[in-house]
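One line per chain: the protein sequences are A and B, in this order.
Start counting the first sequence at 998; every next residue gets the next number (our numbering).
Start counting the second sequence at 998; every next residue gets the next number (our numbering).
Single-structure report; data block below.
Protein chains: 2
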Amino acid sequence: MVKLTQQRQSILDLINASNRHWDADEVARALSDAGQAVGIATVYRGLAALEAAGLLDSIQLADKKRYERADKAHHDHMICTECGLIEEFTRETIEVLQLAAAKERGFELSGHQLTMFGRCKKCSLEKV
Amino acid sequence: MVKLTQQRQSILDLINASNRHWDADEVARALSDAGQAVGIATVYRGLAALEAAGLLDSIQLADKKRYERADKAHHDHMICTECGLIEEFTRETIEVLQLAAAKERGFELSGHQLTMFGRCKKCSLEKV
DNA sequence: GAAGGGAATGATAATCATTATCGTTATCAT
DNA sequence: ATGATAACGATAATGATTATCATTCCCTTC
């Protein structure tokens, strides 16, 4: 049985108190700064356990994985390749079409990730 | 100016002659087996250059990047978490909705990746 | 047809996120 | 108290990718 230890509670509280997308290192650093230092290996294990328990969501980026609160409606991401901004968006219809495509192929869907890349509004305006 | 060297041509030919999704290591190994060994660093650089030139497409998986031919219609991927099978599918409507969502936020889209995870038909049937 | 410059190559070291290892510690039921 | 089980934390290991750097290739120009 998975345990919600003190360390995991700290990780969860930290992420739940924000709207950011955290990577393991940022979590470790933030907890350390808050005087609740948690070993980096424990952070990795904690994040994975919390995600498996449905208490956190994650997106896999090219270089690393980032975690966010799970208590929000499902959404996908739009990432600015210029400034790193991560915006969220939802399109119910896309979800429906995905399910249909999966069913069509006899695929038993367990998850998906839709990520769009480009330049956010701000960056598009700033640099020609 | 980017050059289409002998090595890059070999990489391109190899991938174009298949429908697979190759990672750098597989490419290096295959070329080596074919008697056209290419340094692993060169393979990485070649793949990146060919993709930048629009001659190859790629999908970023959790652990590594995989390359495929670019001379096919745009499509997304469905990956079996059991056997690793990568199936392709297309849903024109999804593309349209993505563009709409981007425009709505002033996002200047440069690319996207939609990947679905689950168990393929075969694996769903085999193991309960 | 030699000389010089830009790009690519290849061997290898370095980087960086993540996972494995392992002895120690906390927690909970008997 | 006694185990049993899960987690912790420090650190080593892994694995994909990138950086370094001396060498080589390919043009273009003289």
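We treat Cβ as the ideally placed atom computed from N, Cα and C, and that holds for glycine.
Note that the structure is predicted; figures quoted are calculated from it, not measured.
**Q.** Bridge partner(s) assigned by DSSP for Tyr1041 (chain A)
**A.** Paired residues: none, contrary to the question.
On the DSSP letters alone, give me the boundaries of the beta strand (DSSP E) that Ser1107 (chain A) sits inside.
Glu1105 to Arg1116
Original post:
Where do the N-terminal and C-terminal ends of the alpha helix (DSSP H) with Leu1096 (chain A) fall, by residue?
Top reply: Glu1089 to Glu1101
Original post:
Ordered along the chain, which non-local residues of its own chain (more than five positions away) have a Cβ less than 6 Å from that of Leu1053 (chain A)?
Top reply: Leu1047, Tyr1064 and Ala1067
What is the rounded straight-line gap between the Cα of Cys1080 (chain B) and the Cα of Lys1118 (chain B)?
-> 11 Å
For Leu1106 (chain B) versus Leu1111 (chain A), is the C-beta distance shorter than 9 Å?
-> no
Compute the beta-carbon to beta-carbon distance between Arg1102 (chain B) and Glu1084 (chain A), rounded to the nearest angstrom, for a pair I have assumed lies under 8 Å. 6 Å
Just the C-alpha distance for Lys1069 (chain B) and Ser1015 (chain B), rounded to the nearest angstrom, thanks. 12 Å
Out of curiosity, what's the CA-to-CA distance linking Thr1039 (chain A) and Ser1055 (chain A)? 17 Å
If we call anything under 9 Å between Cβ atoms a contact, is Leu1001 (chain A) one with Leu1009 (chain A)? yes
*Tell me where the beta strand (DSSP E) around Ser1055 (chain A) begins and ends.*
Leu1053 to Gln1057
### Bounding residues of the beta strand (DSSP E) (the contiguous stretch that carries Arg1066 (chain A))
Lys1062 to Arg1066
May I have the straight-line CA-CA distance separating Trp1019 (chain A) from Met1113 (chain B), to the nearest angstrom?
22 Å
Ala1098 (chain A) to Ile1091 (chain A) span [Cα, whole Å]:
10 Å
| When A:Gly1036, A:Ala1021 and A:Leu1058 are compared against Ala1045 (chain A), the one with the closest alpha-carbon | A:Ala1021
For the beta strand (DSSP E) containing Asp1073 (chain A), name the first residue and the last one. Asp1073 to Cys1077
Practice prompt. Kindly indicate which residue of A:Ala1059, A:Ser1007 and A:Thr1078 has the alpha-carbon position closest to the one of Asp1030 (chain A).
Written response: A:Ser1007
*Listing by chain order, which chain A residues have their CB less than 8 Å from the CB of Lys1118 (chain B)?*
Arg1102, Gly1103 and Phe1104
Report task. Provide the residue span of the alpha helix (DSSP H) that contains Asp1167 (chain B), from first to last. Result -> Here chain B comprises residues numbered 998 to 1125, so residue 1167 (chain B) is not present and cannot be evaluated.
Original post:
Using a C-beta to C-beta distance shorter than 7 Å, which residues of chain A count as neighbours of Thr1078 (chain B)?
Top reply: Ser1107
Point to revise | C-alpha gap between Gly1032 (chain B) and Arg1026 (chain B), whole angstroms | key: 10 Å
- prompt: Can a CB atom of chain A be found closer than 9 Å to the CB of Gln1095 (chain B)?
  reply: yes
**Prompt:** Nearest to Gly1051 (chain A) by CA position, among A:Thr1087, A:Val999, A:Cys1077 and A:Glu1089, is which residue?
**Reply:** A:Val999
- Min CB distance Gln1110 (chain B) to chain A below 9 Å: yes
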